[in-house]
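Numbering (the working numbering), first residue to last: 251 to 694.
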Ligand code: GUN
Ligand code: ZN
């Protein structure tokens, strides 16, 4: 973790939760840190102090104002969303289809509208505002095939100072003509966007072949070549989400061992690769995820909504060959911007796999775990000096029924579980981006 010489210019106080390591690997005891009364101080966009209030108080410059959130709050690192489609914001809750029909019937016609930059900018504003209302400070985002949709999102993210990864969708077949690029134009447009945006402030570029069926081998190869020219970018795509999709990939790429091998063959499996879903991956494919340092984005609200299935997170993260796993909303197939609600569904996915996702494991996934999956756990995802000051403050009594239920809670684990089972955007009291207050909830 980066150390800091920054001087604190603001501080907040309240109960706080963070992770110093991975509970899936090392257990909860040694990785979860809960302070019943903590101070987090920050300056120049980074955390300068974090710890028990009594101790930190004496270390702060005289006269520094400390904002008190009170005992019914919880301070945490901002949430991360490792898989989301901002252009699908206007089509969340599209009725009745599974993946491939859903794409044709709803998604592609919606994404056509993003040829219009002004429209794209208007949606980007709504999208990022909604992220902040839900405590999400970092996302890995699909734009559309139109480069101007990437500009629209990054311009707004830059204005807000958010650490956002995003990219232009590459898609040269099996979609309507109005959404297709070519191998060459996709490469050229992506390269120009990387040069313009990647590493500018907190902006990160993600090379984005939509999924194997909508790219030829030639385009996937070109994506791999572009990535090798800019290896510190991300690469994001979808894999093994739906059984019909898996069968389609088999018929489109008969020479490959399986779905993931299509990407591996084109050098698209390595650190900073983020694969949406991965529900139906084989043990061998999970081993490839592990050995190549690739990540899976677990998107339970989407998986239930489209009837795709339910990822076994514990199998994916099996300590004998752990794949990196982050959490994703996958809007607009996902049904909520709320990370608490997404954890609620992740719990149910685990139940259907006969496993128990504890609140500690769940909050780890929503913060440091997703930062780890994205290789930015040295920057965001936990509370510690030197980390970027992306912070969410939860209200632990945000609705009458949660307030009532909290009377019967015996420890922090139960309290966290109540929040992820009953909570939603109303539980997000405040969101700080690089130390700047960007959302504050007022009333209902
Ligand atoms: N696979 C290819 N494109 C998409 C998409 O937009 N959403 C989801 N959930 N899966 C996809
Ligand atoms: Zn997706």
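Quick reminder that beta carbons are idealized off the backbone N, C-alpha and C, glycines included.
Residue 661 is classed as exposed because its beta carbon has fewer than 16 other beta carbons within 10 Å across all chains shown. In the three-state reduction of the DSSP assignment, residue 611 falls in the helix class. If you ignore the 5 residues before and after residue 625, its C-beta comes within less than 7 Å of the C-beta of 521 and 522, all in its own chain and listed in chain order. Cβ-Cβ distances below 7 Å link residue 380 to 587 in the same chain, with the five nearest sequence neighbours on each side left out; the list follows chain order.
In chain order, the residues that have a beta carbon nearer than 6 Å to some heavy atom of ligand 1 are 335, 349, 353, 357, 460, 461, 488, 491, 552, 580 and 583. Ligand 2 approaches residue 526 closely enough that one of its heavy atoms is under 7 Å from the residue's Cβ.
Shortest Cα-Cα distance from residue 261 to any of 272, 271, 277 and 311 involves 311. Around residue 385, the same chain offers 328, 329, 589, 642, 678 and 681 as residues with beta carbons nearer than 7 Å, after the five sequence neighbours per side are excluded.
By the criterion of at least three beta-carbon pairs nearer than 8 Å, the segment 467-475 is in contact with the segment 505-516. Here DSSP, grouped into helix, strand and coil, assigns residue 684 to coil.
Counting every other CB atom within 10 Å of its CB across the protein chains shown gives residue 345 a total below 16, marking it as exposed. DSSP places residue 268 inside the beta strand (DSSP E), whose first and last residues are 260-269. Residue 400 is a Cβ neighbour of residue 416, given a cutoff of 8 Å. DSSP places residue 458 in no alpha helix (DSSP H) but in the uninterrupted beta strand (DSSP E) bounded by 454-459. In this structure, the CA atom of residue 285 is about 49 Å from the CA atom of residue 354. Three or more beta-carbon pairs drawn from the segment 390-404 and the segment 438-446 are found closer than 8 Å, and the two stretches are therefore classed as touching. Around the C-beta of residue 627, 16 or more other C-beta atoms lie within 10 Å, and the residue is accordingly described as buried. Residue burial is scored here from C-beta neighbours: residue 488 has at least 16 other C-beta atoms within 10 angstroms and is therefore classed as buried. Cβ-Cβ separation between residue 583 and residue 555: approximately 6 Å, consistent with a contact (criterion under 8 Å).
With the rule of 3 Cβ pairs closer than 8 Å, the segment 547-554 does not count as touching the segment 496-516.
Segment contact: the segment 470-478 against the segment 441-460, three or more CB-CB distances shorter than 8 Å; contact assigned.
Three or more beta-carbon pairs drawn from the segment 608-615 and the segment 268-284 are found closer than 8 Å, and the two stretches are therefore classed as touching. Counting along the chain, residue 541 sits inside no beta strand (DSSP E); it lies in the alpha helix (DSSP H) bounded by residues 533-542.
Note on the segment 380-417: whole alpha helix (DSSP H) runs with a minimum of 4 residues are 397-410, in chain order. Counting C-beta atoms within 10 angstroms of its own C-beta, residue 376 has fewer than 16 neighbours from the protein chains shown and is therefore classed as exposed. Nearest to residue 431 by C-alpha distance, out of 362, 448 and 390, is 362.
A distance of 8 Å or more separates the beta carbons of residue 264 and residue 684. Excluding its 5 nearest sequence neighbours in each direction, residue 609 has C-beta neighbours in its own chain below 7 Å: 663, 666, 667 and 670, listed in chain order.
DSSP places residue 364 outside any alpha helix (DSSP H), giving it a letter other than H or E.
Annotated as distal: residue 591 and residue 620, with beta-carbon spacing of 8 Å or more. Membership of residue 331 in the beta strand (DSSP E) is indicated by the continuous run 329-335. Annotated three-state conformation of residue 436 is helix, per DSSP.
With respect to residue 524, residue 333 sits close: the two C-beta atoms are nearer than 8 Å. DSSP links residue 486 through a beta bridge to 524. Rounded to whole angstroms, the Cβ separation of residue 629 and residue 564 is 27 Å, and the two are not in contact under 8 Å. Taken in chain order, the complete alpha helix (DSSP H) segments of 4 or more residues contained in the segment 300-357 are 303-307 and 349-352.
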